[in-house]
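Visitor: In terms of my numbering, the numbers along the sequence shown are unbroken and rise by one, the last being 1263.
Just so you know, even glycine gets a beta-carbon here, dropped at the ideal spot from N, CA and C.
One structure follows; several queries about it will come next.
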Amino acid sequence: MLRWIRQQLGFDPPHQSETRTVYVANRFPQHGHYIPQRFADNRIISSKYTIWNFVPKNLFEQFRRIANFYFLIIFLVQLMIDTPTSPVTSGLPLFFVITVTAIKQGYEDWLRHKADNEVNGAPVFVVRSGSLVQTRSKNIRVGDIVRVAKDETFPADLVLLSSDRSDGTCHITTASLDGETNLKTHYSVAETAVCQSVSGLEALQAVVECQQPEADLYRFVGRITVTHQGEEIVRPLGPENLLLRGARLKNTKEIFGVAVYTGMESKMALNYKCKSQKRSAVEKSMNTFLIIYLGILLFEAVLSTILKYAWQAEDKWDEPFYNHKTEQERNSSPILKFISDFLAFLVLYNFIIPISLYVTVEMQKFLGSFFIGWDLDLYHEESDEKAQVNTSDLNEELGQVEYVFTDKTGTLTENEMQFRECSINGIKYQEVNGKLVPEGLTDDSPDSSTPHLTGEELLFLKAVSLCHTVQISYDQPDCLAGTGDPFSHANGISANHMEYYASSPDEKALVEATKRLGVAFTGSNGETMEIKTFGKSEEYKLLHVLEFDANRRRMSVILQTPSGGKLLFTKGAESAILPFTTSGEIEKTRLHVDEFALKGLRTLVVACRHFSPEEYTDVDRRLNAARTALQQREERLQEAFGYIERDLQLLGATGVEDKLQDKVQETIEALRLAGIKVWVLTGDKHETAVSVSLSCGHFHRTMNILELLQQRSDNECAEQLRRLARRIKEDHVIQHGLVVDGASLSLALREHEKLFMEVCKNCSAVLCCRMAPLQKAKVVRLFKTSPEKPITLAIGDGANDVSMIQEAHVGIGIMGKEGRQAVRNSDYAIARFKFLAKLLLVHGHFYYIRIATLVQYFFYKNVCFITPQFLYQFFCLFSQQTLYDSVYLTLYNICFTSLPILVYSLFEQLVHPHVLQNKPVLYRDISRNSLLSFRTFLYWTLLGFCHAFVFFFGSYILMGEDTTLMGNGQMFGNWTFGTLVFTVMVITVTLKLALETHFWTWMNHFVTWGSIAFYFIFSLFYGGIIWPFLHTQDMYFVFVQLLSSGSAWFAIIIIVVTCLFPDVVKKVFYRHLQPTSTQKSQSVPPPQAQALSCVESLCCYQHGQSGCSRLARLLEQMTGQCQAGANHCHAASHSNRSWSDSENFYSNDRSILTLSPIEATHC
101 MLRWIRQQLG FDPPHQSETR TVYVANRFPQ HGHYIPQRFA DNRIISSKYT
151 IWNFVPKNLF EQFRRIANFY FLIIFLVQLM IDTPTSPVTS GLPLFFVITV
201 TAIKQGYEDW LRHKADNEVN GAPVFVVRSG SLVQTRSKNI RVGDIVRVAK
251 DETFPADLVL LSSDRSDGTC HITTASLDGE TNLKTHYSVA ETAVCQSVSG
301 LEALQAVVEC QQPEADLYRF VGRITVTHQG EEIVRPLGPE NLLLRGARLK
351 NTKEIFGVAV YTGMESKMAL NYKCKSQKRS AVEKSMNTFL IIYLGILLFE
401 AVLSTILKYA WQAEDKWDEP FYNHKTEQER NSSPILKFIS DFLAFLVLYN
451 FIIPISLYVT VEMQKFLGSF FIGWDLDLYH EESDEKAQVN TSDLNEELGQ
501 VEYVFTDKTG TLTENEMQFR ECSINGIKYQ EVNGKLVPEG LTDDSPDSST
551 PHLTGEELLF LKAVSLCHTV QISYDQPDCL AGTGDPFSHA NGISANHMEY
601 YASSPDEKAL VEATKRLGVA FTGSNGETME IKTFGKSEEY KLLHVLEFDA
651 NRRRMSVILQ TPSGGKLLFT KGAESAILPF TTSGEIEKTR LHVDEFALKG
701 LRTLVVACRH FSPEEYTDVD RRLNAARTAL QQREERLQEA FGYIERDLQL
751 LGATGVEDKL QDKVQETIEA LRLAGIKVWV LTGDKHETAV SVSLSCGHFH
801 RTMNILELLQ QRSDNECAEQ LRRLARRIKE DHVIQHGLVV DGASLSLALR
851 EHEKLFMEVC KNCSAVLCCR MAPLQKAKVV RLFKTSPEKP ITLAIGDGAN
901 DVSMIQEAHV GIGIMGKEGR QAVRNSDYAI ARFKFLAKLL LVHGHFYYIR
951 IATLVQYFFY KNVCFITPQF LYQFFCLFSQ QTLYDSVYLT LYNICFTSLP
1001 ILVYSLFEQL VHPHVLQNKP VLYRDISRNS LLSFRTFLYW TLLGFCHAFV
1051 FFFGSYILMG EDTTLMGNGQ MFGNWTFGTL VFTVMVITVT LKLALETHFW
1101 TWMNHFVTWG SIAFYFIFSL FYGGIIWPFL HTQDMYFVFV QLLSSGSAWF
1151 AIIIIVVTCL FPDVVKKVFY RHLQPTSTQK SQSVPPPQAQ ALSCVESLCC
1201 YQHGQSGCSR LARLLEQMTG QCQAGANHCH AASHSNRSWS DSENFYSNDR
1251 SILTLSPIEA THC
């Protein structure tokens, strides 16, 4: 138990040695003294709290907040010394705030626990005691043999022992880990590959020794020792033997593997960044403002204490005849008395720090987050997914984003390739109804007829269907599985049951296209490849595969045709193949390739070469010599490939579309207009990534593309960065784009961060390819910690994006096809990338202006509240007499002024949502935390002080000089004076918020006027009854007497108008003389308002004719809404800021973005 506690506290890590020894099936050695190593269990934990640590950990986090800690101190001071106010005045609001916040954070963490339990409780099969046992994922231990079936994800990091294939191989996809959708082949060692049954595995005696867990997905070093007939056989283990948690089994019926890394020690979990508490910029501003207010409070308390002792320097004030000191008071220490007085003043003025600010902010964030889930614009019908909020603490941060870091695969794209066009022998073709038709012609042949293809067309299709590394999966009955013959199913099962798995989505799309066009690839067994040309089988012997690499940017196969000839097929980028072609329609094909690229298609060029027997003998010799070379193998292979892939005959080119998600281009353009820079971070190849960047509008065709690729040393990288920086300064190009690969990025970040940042900041778009998950997080961190400290947002759909999502200020998960890891670890989750536009431009805008006003309004109303208390001390000899009753002190922030600002912060809309979406530029108005700048903070603070002076001295002038306000000549006392000040204050601060409100709902009206009415009703009730549980009855009948005075009513009205009239004048002048772009947009009516602007269509007909009736003219004079005559209507109908009839406008408009101006056809 003690060891477990030490491990939990981090003092005793579960493994100290550099390697771990895993006994397969947990068969520990029976002889000798063996102490088993301790390993983590298989639970994945993304939550923050447990039942045991929730209370202490949550309280610790809450009291880290300045206001909470401050009020705790004040509460303790009130308990310890004699203070002018009751401890309840501080204790009750503090308890309320802490409780509400704890409930909210506990609920959010419960949701994370629920998601974790779903993953940890998934059913899995393990081999135990000679049989296959079903258990939960969390119960897997290191050493367990786990069975995984086709299309299931691996529940832990497993070393492959065997599969249903005789050679012990299996195929997996790691799309959720590194974004790559290609099929990867993994291997088992020969000694374990034969154990294909549970009984065989039960008899297996093996030990795996490997390194301790590390985050690198592509590194694994280990060995397996198999004891066979008393002999120990040792085999090496590498990354090709390790099946990573989160990867998915494909094209293999089942596998058995031994768990080596489990739970939070799996490579997937190690690539998660440690979950930390994210704090928004607004919260940081709040803390800064609180410190300033704490300074004001201390200043007021010190000044009051000093003035008290200055006043009491005279004997007549130190000990007046009516208030003699006790013996204890005379003998008490002056220092202790000074401290006691200082603390008493501190308690008296402590309400200048708004305790209820935090709870109102918490409630606003929690309740406001539901609007994202309820927004039908963020609902995706096809997948039946709505937007989801995992952390409501960051709502306002959505309105401050300056950098968006996005994944590519599954985030910008659907990851679905579609064959669109091809060029064969200089002629462009399209696929029409499964037939190859020259561009411009239509397919007139009957559907059932076999299409007639020329020799060039047939050779091109054969080249495409044979030059690849595609694998085939058959949806077959279990009894046929594992027969080992890849062609055995082709005749017995319809070709429709075949499913292709390729090393790239392009290959898959091309092979599927040739199959539809009549040349179907039906199987490969490593030595032969079979195709069916319109039902007729042809078998080609596979002699050599010249693998793709980034330098050559092409791949080739050398085949022996059925007739015995030797033939090379090659495909690759046009720049890698066209220079080596000697025959074919080269110029026409080059033009076609450029046309395809301009359409955003991914292009490949296809060529062939026929070998004579002598040429092939030479080629075979060179290849074998290069492949068996012990030194400089890479260079010799490149040289051999270059010798072979020349004198090519050009066959044609293909154009494949990587299907982008809907409205990706418009969304990226909108973000750019909003002043947000978009970076694409992907694990994909350089060519693929650039192609998608161009097609999605991330890179423009007119953009100057700079490259930082394949840098091998620090010096080389630094020199290239300096070259790029010079080019940016010298090139008079409006926009630059930068392409970086993972290896170069590592070098750039190691020594040349500043130079790299300088280049990046001068580029309007950056693309990082071949990125490891932790590299993505490093890039985000680099910008987060830069001197400007911009707000970053990361968006992705796979487990490889989790680190980036957790590192960014705001993390967004896409509910894609690659599991739920990104969604579980994100702050927000949406179904499609296009929803990001509305999430930031509308929801982010609203959340930010709401909370910015909420924070500053809270400080304003608390300055209004406590400054009269400070001023009152000058009139009561600094005796710490309170101006307000303690009930009013307690309820001011909790009841009288809390609801209007809460409702405002939930519903306020400065500009209509449709206008915000159509004018992304408005997002710039709120960037860099502009509404919470020191200038606006100073304005609200000074306004609070001004209003407080008016409240106090306005009331003082009215009744301070012993003026009677009652008809019977009765005088008012200090409680009546304090109540008058309080009444004026409650009305003024409530109406001030009403002036700030642009978007009125019935709830705003209800809480605004209801709060004022509640104050009056409560005060009448509170002061009209003698309450037995109160120590004093100071307020008895005070409020009733106050309201019975006509002079008091007159004073209330005069003081309120005096406070608010300058605000109204300022607003009018600023709006007319210096309007912001947001204020200008407020005057642009949304479609509904435009339709109503002609007074319910009384003065406009559809085509702009004048139709103003006498009633309409009368309404026009009253409201100013309609200008009579056809001119206005005609002008309105041609406004660039209106919407077309086809886009009917609703309160939650379903359109995402309209970038081009659309003309309206009527008013």
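In terms of alpha-carbon separation, which member of Val840, Leu701, Arg870, Leu936 lies closest to arginine 772?
Guide: Considering only alpha carbons, the answer is Leu936.
Visitor: Tell me, to the nearest whole angstrom, how far the beta carbon of isoleucine 1026 is from that of tyrosine 957; I am working on the premise that it is less than 8 Å.
Guide: Contact flag wrong, Cβ pair sits at about 17 Å.
Visitor: By alpha-carbon positions, which one of Leu794, His213, Glu414, Phe1114 ends up nearest to leucine 977?
Guide: Nearest option by C-alpha distance: Glu414.
Visitor: Please name the residue or residues paired with glutamine 660 in a DSSP beta bridge.
Guide: Partner(s): Lys641, Lys666.
Visitor: Under the three-state reduction of DSSP, which class applies to asparagine 1018: helix, strand or coil?
Guide: Three-state result, asparagine 1018: helix.
Visitor: On a Cα-Cα basis, can you pick out the residue from Cys295, Glu309, Pro339 that is closest to threonine 325?
Guide: The shortest C-alpha separation from threonine 325 is found at Glu309.
Visitor: Whole angstroms are fine: how far does the CA of serine 1030 sit from the CA of glutamine 1182?
Guide: C-alpha separation (whole angstroms): 19 Å.
Visitor: Can you look up glutamate 766 in the DSSP assignment and give me helix, strand or coil?
Guide: Helix at glutamate 766.
Visitor: Does the pairing of the region 440-452 with the region 363-371 give three or more beta-carbon distances under 8 Å?
Guide: With the cut-off at 8 Å, the region 440-452 and the region 363-371 do not touch.
Visitor: Check whether the Cβ atoms of phenylalanine 1082 and tyrosine 988 sit closer than 8 Å, and answer yes or no.
Guide: Yes, they are a contact pair.
Visitor: Leaving out the 5 sequence neighbours to the left and right, which residues in its chain are closer than 6 Å to glutamine 1223 when beta-carbon positions are compared?
Guide: Here the model assigns glutamine 1223 a pLDDT of 39, short of 50, so the residue's position is not dependable and the matter cannot be decided.
Visitor: Where isoleucine 181 and proline 968 are concerned, what is the direct C-alpha to C-alpha distance, given to the nearest angstrom?
Guide: So the two alpha carbons sit approximately 24 Å from each other.
Visitor: Let me know if glutamine 464 comes out buried or exposed under the rule of 16 or more other beta-carbons within 10 Å of its beta-carbon.
Guide: So glutamine 464 ends up on the buried side.
Visitor: Alpha helix (DSSP H) containing aspartate 209: first to last residue?
Guide: That run of the alpha helix (DSSP H) goes 188-220.
Visitor: When burial is assigned at 16 or more other CB atoms within 10 Å of the CB, is phenylalanine 220 buried or exposed?
Guide: Sequence inspection shows asparagine at residue 220; the phenylalanine mentioned does not correspond to that position. That one is buried.
Visitor: Among the candidates Gly322, Cys567, Lys350, whose CA atom is the shortest distance from the CA of leucine 342?
Guide: Comparing Cα-Cα distances from leucine 342 to each of Gly322, Cys567, Lys350, the minimum goes to Gly322.
Visitor: Pick out the complete alpha helix (DSSP H) segments inside the region 355-406, 4 residues or longer, and give them in chain order.
Guide: The qualifying runs are 367-370.
Visitor: I think arginine 1024 touches alanine 774, with their Cβ atoms under 8 Å apart; what is that distance to the nearest whole Å?
Guide: Confirmed, Cβ separation roughly 7 Å.
Visitor: State the DSSP-derived secondary structure class of glycine 779, mapped to helix, strand or coil.
Guide: Reading off the sequence shown, one finds tryptophan at residue 779, where the question assumed glycine. Tryptophan 779 falls in the strand class under three-state DSSP.
Visitor: Just how far apart, CA to CA, sit threonine 1090 and leucine 991?
Guide: Computed Cα separation, rounded: 15 Å.
Visitor: Is histidine 1234 buried or exposed, if buried means 16 or more other CB atoms sit within 10 Å of its CB?
Guide: Low local confidence applies: a pLDDT of 37 at histidine 1234 is under 50, so the model's placement there is unreliable, with the coordinate-based value given in what follows. Looking at its Cβ environment, which holds fewer than 16 other Cβ atoms inside 10 Å, histidine 1234 is exposed.
Visitor: Unbroken alpha helix (DSSP H) runs of length 4 or more, entirely within the region 256-342: which are they?
Guide: The qualifying runs are 275-278, 290-293, 298-302.
Visitor: Is the separation between the beta-carbon of serine 380 and that of glutamate 497 shorter than 8 Å?
Guide: Yes.
Visitor: Note down the Cα distance separating alanine 1048 from serine 1055, rounded to an integer number of angstroms.
Guide: Rounded to the nearest angstrom, the two C-alpha atoms are 11 Å apart.
Visitor: Based on DSSP bridge pairs, tell me the residues matched to threonine 929.
Guide: In the sequence as presented, threonine is not what sits at residue 929; that position holds alanine. Note: alanine 929 sits in a beta bridge opposite Gln488, Gly913.
Visitor: Which residues in the same chain have their Cβ closer than 6 Å to the Cβ of valine 1086, if we skip the five residues on either side of it in sequence?
Guide: Excluding residues within five positions, the ones whose Cβ falls inside 6 Å are Phe996, Tyr1115.
Visitor: On the premise that phenylalanine 883 lies in contact with glycine 837, defined as a C-beta separation below 8 Å, what is that separation, rounded to the nearest angstrom?
Guide: 17 Å between Cβ atoms; not a contact.
Visitor: With DSSP as the reference, label tyrosine 529 as helix, strand or coil.
Guide: Tyrosine 529: strand per DSSP, three-state reduction.
Visitor: Can you tell me which of the three DSSP states arginine 348 falls into?
Guide: Here arginine 348 sits in strand by DSSP.
Visitor: Quick check: the region 518-534 against the region 904-923, are there 3 or more CB pairs under 8 Å?
Guide: Too few Cβ pairs lie closer than 8 Å, so no.
Visitor: Name the DSSP bridge partner or partners of lysine 608?
Guide: Note: lysine 608 sits in no beta bridge, so no partner.
Visitor: Going by DSSP in three states, aspartate 475 sits in which element: helix, strand or coil?
Guide: In the structure shown, aspartate 475 sits in coil (DSSP, three-state: anything other than H, G, I, E or B).
Visitor: Can you tell me the Cα-Cα spacing of isoleucine 173 and glutamine 162, whole angstroms?
Guide: Cα to Cα, the separation comes out at about 14 Å.
Visitor: Assuming contact is defined by CB atoms lying nearer than 8 Å, are proline 339 and phenylalanine 320 in contact in what I supplied?
Guide: Yes. Within cutoff.
Visitor: Determine the contact status of cysteine 270 and threonine 201, defining contact as a CB-CB distance below 8 Å.
Guide: No; because the gap between Cβ atoms is not below 8 Å, this pair is not in contact.
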